[in-house]
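Order-wise, the sequence lines are chains A and B. Under the UniProt record's numbering, the first sequence is numbered contiguously, ending at residue 1167. Under the UniProt record's numbering, the second sequence is numbered contiguously, ending at residue 156. Using N, Cα and C, we set each Cβ at its ideal position, and we do this for glycine too. On a predicted model such as this, the values are computed, not experimentally measured, just so you know.
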Amino acid sequence: MATNNIKLISPDSKLLQYTQIELKDPTDAYLESCFAAIQQNRYTIESNTLVQIGQTNKKSKDHISHALLYGILTDINNKAKCFQDLIALNGTNLSSIIGTLETLIMKNWRRIYDNVRQQLIWFLRETLAANIDGIDRLYYVFLRQINPHEQCLDLCETIIELLLIHPLFLKTYPEMKLLTIYTFLSIFPIYIRRKSQQQQRQIDFIINLTRENIHCLGRDGIRVLIQLGHVREIDAFLKHLSLNTSNDYLPKILSLETEPKYLALPLSFDLERHLQFLLDNCRINSQEKYYFEWFQSQYLNFKQHPDSIYLCSHIIRYVCVVCRNQLNPQKITRWTFISWLLTQLYNYQQTLHQTLISASQTAMNAAAFLSSSSPQLIQINEQIIQCRLAIYYDWFLFDINNLQQMTNEFDTQLNSTIVGYHLLTISYHQAKQMLLFLLYTSENLIVSLKSFLQQNIARLFMELFQRIPILNSQQLLQMFTHDRDTYQRLLTTFFSLPMSTTAISPDNDDIMIINDDISPNAAMPATDDEVPSDIMIMSSNTAATPRFSDDEDDDDDYENRLSSHKSLDQDYDDDDDVLMISDETKTSTDIYNTNIIRSNFPFDRFRSYINEHIQQLSLSYSASTNRNKSSLLIQICKQIASTLSDKRLLTFQTQAIDPAGPITSYAMIKFEKTSEKFQSRLLTTFDEQTIVNGLLCLWLLRDSFPNRLLPSLRISQTNKTNSMLENNFREIPQQKLKRSIKQLSICVLFRLIKDDIPNQDVYIKLIQSMYFFQPEIAYIFLYYLSIDIDDVKMAADIFEKFAKDIIKLSTDHRKTAMPPAKIPTYDQDFIDFILEILTHCEQDDTETFLYLFSYMYRLYSKKFLNNFKLIRLLLHTINQFELEQFMLDILKHRLQLFNSHKLYSIVDQTLLFSQIEQEDFWKLLGAHDFVQNDYEQLFTNIIEHLLNQSKSVIGEQRLAKSIHYTTYRNTIALANVYDILKTKIPTYGLICCLFAHELTKHFSEKLCLLWHEKHHDIFWRYLERILQKWIQRENDQTKQKIDYKIGTIKMANENGLKFILQHLQILLENNSIHIQENKIDQDDLHDQLTIDENLMNIPLSVSTIKSLIDCIHKNEQLYMENKTFIDRLENGNSVVPPPLPTAPAAATTTTTTSASIKRRKLDNNKS
Amino acid sequence: MDNDSTPSFVVQLPPPDRFEPTTVVAKLEPNQRQINLLVIVLRIQANPQKTREGHEIHSFKIADRTGSIIFNVWNTTGQLIAIGDILRLQNCITQVFKNELCVKPGRNGIVTKVGEFMMDFNEEPDVSILTASMNTELINYKDRIHSNKRPAQAMS
């Protein structure tokens, strides 16, 4: 590391002071070498030979002159002699010397030694006295050193002294006179504060000059004068200007533009160079943070150099007027720079505030302290006003009537006003302040010219809205909706020119919406002729901030919200692939192989598909940070629609490639977006222009996707996860929902579908093409439909249109189905599509998903009933609270998820679910009315399926696969069936169903016992009928075994008897005593009290018991197994229950459904 | 007047500035020597640190059109460098210091300020961050150095 220690030798110089690492200035080196040559050539500076040599040898003349100059600057003793020699050698033509001095001073003023500076001033004085040619150039260089940055207040005095001694100089060079005036006016705020007491003479001198020449300086002369309004003489002068001069004197001055050379005066050479470089070269996003930091540390270090705040307004004015617009979008814009500069000022203002407040906390009255003793704060407030004035100065004076359009002057004026216009878009806070500033200042700046100024601004706004449509008047006015007074004032002063005065192109009629509702009488009267005599010019103190500062507090709230909004956006930024089409493959054929970076849409690439106007609009849309952009978006969408509707909708450009892999529906969106397959397929349905415009829309709407759709019920959104649990979308008022879609910029497009009926198809096409790149759009669309279109049928139609092509495109390339599988119908595809949409939604936001889910069932009430996939999705998502809400909806008939058709197949499939999900399923199912009412038919089927489960092929496969199945089998489902049936009256079909299957402990046993107990009579009557039928079949030898049916239920042919016996056994044996006890009081027909305990009371007819026993005896094995029970059965008493109150045929079903009627017919036929 | 008899006035003009950068930041690799660069100082990378001998190490982030790198310099030179300065670095070396590639003046290194502010630059790529391939190269390089040294030690 020892090598790291560099030997430092600063360059040796008598002119300039160098640090040890600085390179020697070439001019310095040259002058030094010229001077050194005198000694080297063995002359002395005093000798006259030098002049002689110079006179004879032209080459040497220049060197000798420079050597003499060096002598003047460094050798105090011989400076007079040197100067004489110089004059003798060159006469009055010192141009090369002056040129050298110019370079030296321009580059090195700060480094020049003090004694050398004195010599330089001495040289200036001598040349003035000698009336040397081109001395104005040297004078100008000195003048430029007087500025708020370098200050050089001593130089101020010296120069004024000089001018007082040599009054002829300014008469000879009138331009220098004007430059001098402007320079001094711009340094006076600092100069007067520091030296006003001693230097009254100098001030008077400059003010006198100003009085005589202000009309040549132009409008900025007045601006710098206003800044000095607190000086008594200047105040008097301004009053004189307005009162005692002819009527058009002041307007004439104001209409004269100040030349750039004046505006550059308050900036030092370095500052001007650096500023130009910054605005020309600084690349946005990568370099600005450095350049801005360097610029600030060098020129705007407010803390170390408080006076540098006086520089700001001059910098801004220079940037607005002198600098031109960058055409390169990569480079920094002027308004970005100015916005940054203003932010620095605001920050400094805030810091001052804070320090003053904290310093005054010990003082008794903080407020009094603040107001009385903070000159710095007053200064900065003044300067902020000055900066705003600098930005908008040309706005007040933009007299479109006097400016010939398409001329240079018009262009320059527009150039300087554009900055202010763009600043309105950068931040809400700034825009609001600026508008207020424009309003108040236009009223107070020059009272007599008030209407003239206001009209100018109004016309300029109109002009800019048309030329650069980033903003419109509504957006600007919207900031003041809470303040009706200001709103009205702004509306009438700036945004209410009569339509006839300007020609508005048909494309832009939406921009000036505000004009539609204004009476033409509100137009401003023409003011050119009527300038009243009492012109008052506002002094800087009256324009100071207090009147604006009130507004700042109001905006804090908004800014917080804005910042939170921004942070949301940043989160979104992390998720880079949302809108990105990756650029992995680069084949020349596909044009979508592009990276849609969010900040920049590749317009160039798609030039042939996007028309110029749309491009321009969307550029301004994306450049603007203002929140309300919907009218701009409407324009863009309308434009797109009009370009797309002109042509054929479908152009088949590329033949699709045969599908290679297995493709289910909706596989399209899962494709890599750059793949050829995806693109070629997309092209079969959409033409390229539609796709490109769709991409453009996506790019414009890129911020619409990450946000939650449903508005929150809670006011604070701090804890979203919690609010989600408690937030119930059913309680959100309709108004709030409607408001939520109004905020969504994407809904502008959707609303056009509803409103712009002729172009409806085009918009739908556009959204379809967008869908393939951004599937979320489908559910946002659905959400929109649910809220904004009240007519369900219309909404369904629109959505059907939207879905149709997407489904078609996705299914066109499906492989032909293998024989056992069927090609899905369109309806099935449609459901799959909806499922896809809802799945997307579910992943993004559960609440919205639930909302849309119930909406879907309302929208397509028939299609979706009993759809297993949708139910599964719901059950996966739902929590307990939401489940209850859904059940409530079902109970109130707001929602129906199931009907009885093939319900058992769904029940069948739910067996795979986890326990909780199965429970939830049964809860939802149980809430339906039809389940409770038509339970017989339904549950015979369901029980049949459930109890047969282990026999079905699918069941076996599942058995192997699913852990839930092996653990729970169908127990959960059966338990739920039991829960539903336990409150119901037994029916023929159900009992039949129970007896046809093996006895299960948790279901059939429980249910049989329950019914036996609660509905004893009905139960046994049905049972008897069933047994009779069964026995009849069993004895019928002609029928084949497979046809053994009772009702629709197949009775088990082999184990049928066994199952019946199992059931009878538990019914009769275990509970006989219990039943008897219950029955004693009721059974008056049969006195059973004396019956032997061993004897069973069988509530069946004798004949039935007998034939049953006969059947049993045929099967020896069965008899042997259940010998005791059968014996008891044989010996048991027959206790026939009382006949049913209704006819047996009617009693088979509790309600008459078409299904049950069919079944009865079937029964009758068979019997 | 006779031209020959007039005495001549000979000026030895200062030598023209012939500085040429030998390389650019993006091409820098560990352990290069005698490099000349023209760079701009982006920022102060870290607070000055003291070595055991009491020297202050000033660390800056410098850049040219091709990329950026860390520049370490000692004592006064470091104090004199400000952000935004355009520097000429002559006879510098590159070195891996604290697992970052840096430039520092070599034995006869010269650091000269030639301007400020007005220079185009790119912060990316940051050459200081070593890539994996560079790291392995570095290890190989160190191994080579070690293997060269060991026999010499054995000899002595």
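Note on geometry: alpha-carbon atoms of A:Phe295 and A:Ile807 lie some 59 Å from one another. Counting along the chain, the unbroken beta strand (DSSP E) around B:Arg107 starts and ends at 100–116. Listed in chain order, the alpha helix (DSSP H) elements of length 4 or more contained wholly in the region 747–825 of chain A are 760–773, 776–788, 792–812.
Under the DSSP assignment, A:Gln354 falls in the alpha helix (DSSP H) whose first and last residues are 334–359. In this structure A:Gly229 is not in contact with A:Ile253, their Cβ atoms being roughly 16 Å apart against a cut-off of 8 Å.
Using a Cβ-Cβ cut-off of 8 Å, B:Ile83 counts as an interface residue toward chain A, since at least one Cβ of chain A sits closer than that to its own. Contact check for A:Met856 against A:Ile834 passes: the beta carbons are separated by less than 8 Å. In this structure, B:Arg43 keeps its C-beta atom at 8 Å or more from the C-beta atom of B:Ile93. Among the residues of chain B, none has a CB under 9 Å from the CB of A:Ile315; the nearest is roughly 15 Å distant. Look at A:Asn131 here: in three-state DSSP terms it is coil, with no helix or strand label. Closest option to A:Leu263, judged by alpha-carbon separation, among A:Glu233, A:Gln430, A:Ile1018, A:Leu311: A:Leu311. For B:Leu42, the three-state secondary structure derived from DSSP is strand. Between B:Ile40 and B:Met134 the beta-carbon gap is near 24 Å, outside 8 Å, which marks them as no contact.
Looking at A:Val762, A:Leu744, A:Ile764, A:Leu8, the one whose alpha-carbon comes closest to that of A:Tyr784 is A:Leu744. For A:Gly221, the enclosing alpha helix (DSSP H) begins and ends at 219–227. For A:Phe337, the closest Cβ of chain B is not nearer than 8 Å. Boundaries of the alpha helix (DSSP H) around A:Gln743: 734–743. Using a Cβ distance threshold of 8 Å, A:Phe396 and A:Leu439 do not count as a contacting pair. Taking a beta-carbon distance threshold of 8 Å, A:Glu842 does not count as an interface residue toward chain B. Residue environment: B:Arg88 is assigned as buried (16 or more neighbouring CB atoms within 10 Å of its CB, all protein chains considered). Rounded to whole angstroms, the gap between the alpha carbons of A:Ile87 and A:Phe292 is 47 Å. In the three-state reduction of the DSSP assignment, A:Ile9 falls in the coil class, being assigned neither a helical nor a strand state. Annotation: the continuous alpha helix (DSSP H) that includes A:Gln1028 extends over 1016–1035.
Among the residues facing chain A, B:Gly109 is included, as its CB has a counterpart in that chain under 8 Å away.
When the five nearest sequence neighbours on each side are left out, the beta carbons in the same chain lying within less than 7 Å of the beta carbon of A:Lys1058 are those of Leu1118, in order along the chain.
For B:Ala46, same chain residues with a beta-carbon under 6 Å away, outside a window of 5 residues either side, are Ser59 in chain order.
The distance from the Cβ of B:Glu124 to that of B:Gly67 is about 7 Å, consistent with a contact at the 8 Å cut-off.
Under the three-state reduction of DSSP output, A:Ile190 falls in the helix class.
With its beta carbon at least 8 Å from every one in chain B, A:His305 lies outside the interface.
Looking at the DSSP output, B:Lys50 sits in a beta bridge with B:Glu56. Under the three-state reduction of DSSP output, B:Lys27 falls in the helix class.
By the Cβ neighbour-count rule, A:Arg751 is buried, with 16 or more other Cβ atoms within 10 Å of its own.
When secondary structure is reduced to three states using DSSP, A:Glu150 falls in the coil class, being assigned neither helix nor strand.
Each residue's CA atom was taken as its position, placing A:Thr127 and A:Ile135 some 7 Å apart. By the criterion of a C-beta distance shorter than 8 Å, A:Gln119 is surrounded in its chain by Ile72, Leu73, Thr74, Ile76, Lys79, once the five residues flanking it on both sides are discounted.
CA-CA distance, A:Gln298 to B:Phe9, rounds to 43 Å.
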